[in-house]
Every structure is written in C-alpha cells, then in structure tokens.
Amino acid sequence: MTRQNAEEGPGGDLLELGAFMGKSAIFLGGYLREGEEFTVCDLFDSPAPDASNLAETQDSYPTLTRRGFETNYLAFHEALPTVIQAPTSVVADRVRPASCRFVHIDASHLYEHVVQDIASSRVVAAPGAVVVFDDYRSEHCPGVAAAVWAAVATGELHLICVSASKLYATWDDAAPHQAALLSWLEGRTDLWHGVDLVAGQSLVRIGDQGVVPPEPPRPLRPAPEPAPAPAAPAGRAGHQPGPRPGARWRKLAKDLLPPVITRAIVARRRRRR
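Right, dumping it as structure tokens:
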C-alpha cells in the first residue's frame with residue numbers, strides 16, 4: 098500500500114471483508130488518500146444468513162459487535178469508514194465495480210462463503226488491484242485454503258506472494274507487483290524470501306521470523322495515565338502505624354473458628370457499640 102500511495106496515476110478505494118474488532122481496518126485506514134473511500138463489510142452482531150454461518154459466528158466471534166469495532170476505529174481515526182453491516186455476499190451490489198485498488202478478505206472461513214468473496218473481489222477490483230487473503234493456510238480454516246487455491250489452479254487468480262499469515266494476489270498481471278516486491282526485499286536483511294513455481298505461476302515466499310515490525314498506528318488521544326496509589330497514613334516520626342484495633346482478633350477468629358460462629362461474634366460486638 099505504501100508503493101500504491103507513492104505511484105502517480107488514478108487512485109482507488111479500499112475494501113475489507115470481515116473486520117472483527119478493527120485491528121487491520123485501523124492499519125488500512127492510515128493509507129486512505131484524498132477522494133478515496135474505505136468500505137468495511139461485516140455481519141457484526143446481525144443474524145447470520147444460514148445455520149453454518151450462525152454456528153461459526155457463535156463459536157469464533159461471540160463478543161463481536163459493531164459498536165466495539167467503531168469505538169476501536171475512532172480511537173485512531175477521525176471518521177469511520179463506510180460500514181456495511183450485512184453478509185459479505187452483498188458487496189458486489191453495494192461497492193462500485195472496478196473501484197478498489199486493495200481488497201482484504203478475512204470474513205467467513207466456510208468454503209462456500211469464501212468462494213463468493215473471491216468472486217465479489219473480482220467484480221470490485223480496479224485494474225492491477227491487490228487482493229489479500231487471511232488464513233489461507235491455517236489448520237482450522239480448510240475451506241479458505243480450498244477456495245483460494247482452486248481460484249489459483251484455474252489460472253484466474255494470479256499469485257504475488259505468501260507470508261506466514263497472508264496470501265497476496267491479483268486478477269491481472271502479477272509481474273509488476275513481484276518485481277517491485279523483490280526489489281524492496283533486497284534491502285530487507287530481516288526478511289527471508291525465495292521464489293517458487295506453483296501451478297505454473299511464479300510465487301514469492303517471505304519468511305518473517307525476526308522481522309522488524311512497522312510502526313503501529315498512533316491513537317488520536319493517548320490513554321490517560323493511571324492514578325497514583327493513595328499514600329499510607331503517616332504515623333509518629335519513626336513509627337509505622339500498627340494494625341487497627343481488633344484486627345488481630347478478627348484474623349485469629351477467621352483462622353480458628355467456624356464461619357458461622359465468627360459472624361455471630363462480630364455481629365454481637367457491633368451491637369454493643
């Protein structure tokens with residue numbers, strides 16, 4: 098995205114399918130340029146469209162709410178993105194065709210839903226757009242892997258690179274992206290990389306163990322400093338205040354007497370006061 102922002106020429110919008118609590122959206126929003134639109138689509142706390150998706154959301158995202166996402170996002174940005182609270186299947190109808198330069202897909206992990214998200218990304222992708230898939234190799238998301246690699250095997254989705262967590266691709270020629278990426282990688286001593294041939298396509302593999310992470314987004318308003326702990330009451334010079342009257346008796350009663358008897362004795366002492 099840094100490279101896209103540095104290039105001259107027409108811009109393009111940003112799109113994220115599946116936002117959860119907003120971490121990746123906060124990063125993406127930092128690359129939004131004047132005149133561009135950032136759209137986020139997530140079911141959030143709306144009803145799921147089918148039983149399988151309902152089970153998935155209840156199991157994996159029980160605390161997800163739109164309010165939580167918006168609160169987190171506004172801690173880092175002045176304004177919210179365009180939010181579509183709906184299944185990601187509506188994206189192709191709600192986002193302008195051929196308008197997005199960057200699409201991040203991290204929504205449902207169910208095969209049928211990922212197939213739909215892949216098809217939607219092709220509709221909304223601008224020429225040369227980068228499409229990024231999360232969980233393409235996670236053991237708990239075989240549906241994502243099946244859908245993504247099927248699109249690669251047909252020759253329609255063109256590979257750019259893979260990292261430990263993400264697969265980057267395009268619906269157009271991947272060669273310009275790979276050339277720029279390899280040039281950038283030559284200057285990174287903290288990143289390992291190699292080039293493989295997969296399904297007849299060139300693929301850059303990146304290892305990120307020991308990588309120097311990018312600077313994280315800065316919140317608009319720093320978190321307040323925690324209040325200092327109250328000072329202990331001062332005693333006479335050179336003398337620390339001892340235990341309060343009765344404290345030693347209460348500890349002895351707690352340690353030795355049954356709770357019912359202890360409570361009865363305490364209540365009786367209070368009545369006498």
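Position in the sequence shown counted from 1, then plus 97, gives you the numbering used here.
Heads up, the beta-carbon is just placed ideally off N, CA and C, and yes, glycines get one too.
In this structure, how does DSSP classify residue i when only helix, strand and coil are distinguished?
i, result
"Y265", "strand"
"V309", "coil"
"F124", "helix"
"S299", "strand"
"D110", "strand"
"P273", "helix"
"F166", "helix"
"L349", "Only weak support is given to the placement of L349: the predicted model assigns it a pLDDT of 46, under 50, and the question is left unresolved by the model."
"G284", "coil"
"A324", "coil"
"H210", "helix"
"R318", "coil"
"Q155", "Low confidence applies here, because Q155 scores a pLDDT of 49, under 50, leaving its location unreliable and the question unanswered by this model."
"A103", "helix"
"D190", "helix"
"A172", "coil"
"G240", "helix"
Can you tell me the Cα-Cα spacing of residue i and residue j, whole angstroms?
i, j, result
"A244", "V212", "6 Å"
"V241", "T168", "29 Å"
"L300", "E283", "16 Å"
"V137", "Q101", "20 Å"
"P313", "M118", "16 Å"
"Y170", "V259", "27 Å"
"E253", "L140", "28 Å"
"G115", "A326", "41 Å"
"F173", "G297", "42 Å"
"E161", "K120", "One detail in the question is off: residue 161 reads as Leu in this sequence, not Glu. Using only the alpha carbons, I get a separation of about 13 Å."
"L278", "A324", "47 Å"
"A247", "R302", "19 Å"
"R130", "G108", "8 Å"
"R164", "D142", "9 Å"
"E105", "E322", "43 Å"
"Q306", "R285", "12 Å"
"H290", "V309", "15 Å"
"S262", "A328", "48 Å"
"V228", "A189", "15 Å"
"F135", "M98", "13 Å"
Assign residue i to one of two classes, buried (16 or more other C-beta atoms within 10 Å of its C-beta) or exposed (fewer than that).
i, result
"E113", "buried"
"L151", "A caution first: L151 carries a pLDDT of 48, below 50, which makes its placement in the model unreliable, though a value can still be read off. Answer is exposed; the Cβ neighbour count stays below 16."
"W268", "buried"
"T185", "buried"
"T251", "exposed"
"G132", "exposed"
"S280", "exposed"
"A122", "buried"
"P317", "Residue identity check: residue 317 is Leu in the sequence provided, not Pro. Exposed, because fewer than 16 other Cβ atoms sit within 10 Å of the Cβ of L317."
"L294", "exposed"
"D232", "buried"
"A266", "buried"
"D214", "buried"
"D110", "buried"
"A78", "The shown model of the chain, from 98 to 370, leaves out residue 78, and the question about it has no answer."
"G304", "exposed"
"V292", "exposed"
Which residues does DSSP pair with residue i in a beta bridge?
i, result
"L230", "Here the sequence assigns Phe to residue 230, which means Leu is not the residue at that position. Answer is I202 and L264."
"V292", "V301"
"T136", "L112 and T179"
"H255", "T267"
"C197", "D110 and A222"
* Asked: Taking one C-beta from the region 235-250 and one from the region 271-280 each time, how about it: are there three or more such pairs within less than 8 Å?
  -> No, they do not touch.
* Asked: Pairing CB atoms from the region 213-233 with CB atoms from the region 182-198, are three or more of them under 8 Å?
  -> yes
* Asked: So, do the region 202-216 and the region 172-180 have three or more beta carbon pairs nearer to each other than 8 Å?
  -> As far as the Cβ criterion goes, the region 202-216 does not touch the region 172-180, which means the pair count is below three.
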